[in-house]
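Worksheet: the structure to be examined is printed underneath.
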Ligand code: 2YJ
């Protein structure tokens, strides 16, 4: 799985306003609205000001990513929540967070990134929430995916979830992956999905794409006017790709994080515990 780098997250906090403007223009939805749509919640169902989030830096594995926890905190603040990064890390940081009794604790190692709702004892995970968020953004950008053909590139943790969610939303789904077996495994779990064995050809034929793959997509394979909702990291689309596609939606952390924390807050709403 692709790990974010210091460079990926270095300017997230300073560019939230730009992303908000971009999403509004391309999808008609703010970051918060994308997140709420993603979890199936009415935007005003909860008062985000009532939620406090603790973000715990994790040093295990490849260690802390500079500005990762601060960026997560700032996404939560952008949504109106009260959020802070704990002074300590790892288990000590978790203990610090639990002592302070926030509503939600967020933390990530090299494999998992979770938003844990303390009262409800449930967590939202980044892969599922990233899939939900990029589908909500695509849905806004193409004025609904219902009955439309959507290509999912990448049959990993995000792509496999995206295929299922898109089918549930009424889209016609094709899945493709350089590892054809992975694409067929997704189809086995979702028989209504088609498999495209030739990734480049599938991309050439697609107007709507969820790109959940770390692999580079050549600009020459992108269809004129395509809408590409692209959680895949690294993000390697060049200027020509942006000019050829109608819309390419990408950010390395914000959309997934916003969906996670709204999903975690929604657990409280559903449980009537707030
Ligand atoms: O606390 C820190 O600064 C680090 N431990 C953050 C690690 C961030 N983790 C990643 O980038 C993983 N690839 C997250 C996997 C999420 C699954 N979609």
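In our numbering, the protein residues as written are 56 to 329.
We put the beta carbon where it would ideally sit given N, CA and C, even for glycine.
Cutoff 6 angstroms; reference residue i; Cβ partners in own chain excluding five residues on either side
{"i": "residue 219", "result": "245"}
{"i": "residue 283", "result": "264, 266, 300 and 303"}
{"i": "residue 248", "result": "218, 228, 230 and 242"}
CB contact below 9 angstroms: residue i versus chain D
{"i": "residue 60", "result": "The structure shown contains no chain D; it holds only a single protein chain."}
Residue span of the alpha helix (DSSP H) that contains residue i, given as start and end
{"i": "residue 73", "result": "71-82"}
{"i": "residue 277", "result": "Counting along the chain, residue 277 falls outside any alpha helix (DSSP H), and DSSP gives it neither H nor E."}
{"i": "residue 312", "result": "309-326"}
{"i": "residue 87", "result": "86-94"}
Proximity of residue i and residue j at Cβ, strictly below 9 angstroms
{"i": "residue 138", "j": "residue 111", "result": "no"}
{"i": "residue 185", "j": "residue 64", "result": "no"}
{"i": "residue 67", "j": "residue 130", "result": "yes"}
{"i": "residue 240", "j": "residue 210", "result": "yes"}
{"i": "residue 268", "j": "residue 233", "result": "yes"}
{"i": "residue 136", "j": "residue 94", "result": "no"}
Cβ-heavy atom distance, residue i to ligand 1, below 8 angstroms
{"i": "residue 322", "result": "no"}
{"i": "residue 269", "result": "no"}
{"i": "residue 62", "result": "no"}
{"i": "residue 162", "result": "yes"}
{"i": "residue 157", "result": "no"}
{"i": "residue 118", "result": "yes"}
{"i": "residue 141", "result": "no"}
{"i": "residue 166", "result": "yes"}
{"i": "residue 266", "result": "no"}
{"i": "residue 173", "result": "no"}
{"i": "residue 214", "result": "no"}
{"i": "residue 112", "result": "yes"}
Cβ shell of residue i (< 8 angstroms), same chain only, five flanking positions each side left out
{"i": "residue 119", "result": "112, 113 and 144"}
{"i": "residue 115", "result": "145, 164 and 165"}
{"i": "residue 307", "result": "59, 63, 64, 67, 288 and 290"}
{"i": "residue 84", "result": "78, 92, 191, 192 and 195"}
{"i": "residue 222", "result": "228, 245, 247 and 248"}
Boundaries of the beta strand (DSSP E) in which residue i is found, first to last residue
{"i": "residue 67", "result": "Here residue 67 belongs to no beta strand (DSSP E), and DSSP marks it neither H nor E."}
{"i": "residue 304", "result": "302-304"}
Sequence-distant residues of the same chain with beta carbon closer than 7 angstroms to residue i, five excluded per side
{"i": "residue 175", "result": "322, 323, 326 and 328"}
{"i": "residue 151", "result": "141, 142 and 143"}
- Message: Which complete alpha helix (DSSP H) runs does the region 107-176 hold, if anything under 4 residues is left out?
- Response: 123-133 and 145-155
- Segments of 3+ residues assigned as beta strand (DSSP E) that fall wholly inside the region 190-267: With a minimum length of 3 residues, the continuous beta strand (DSSP E) runs that stay inside the region 190-267 are 204-208, 227-231 and 263-266.
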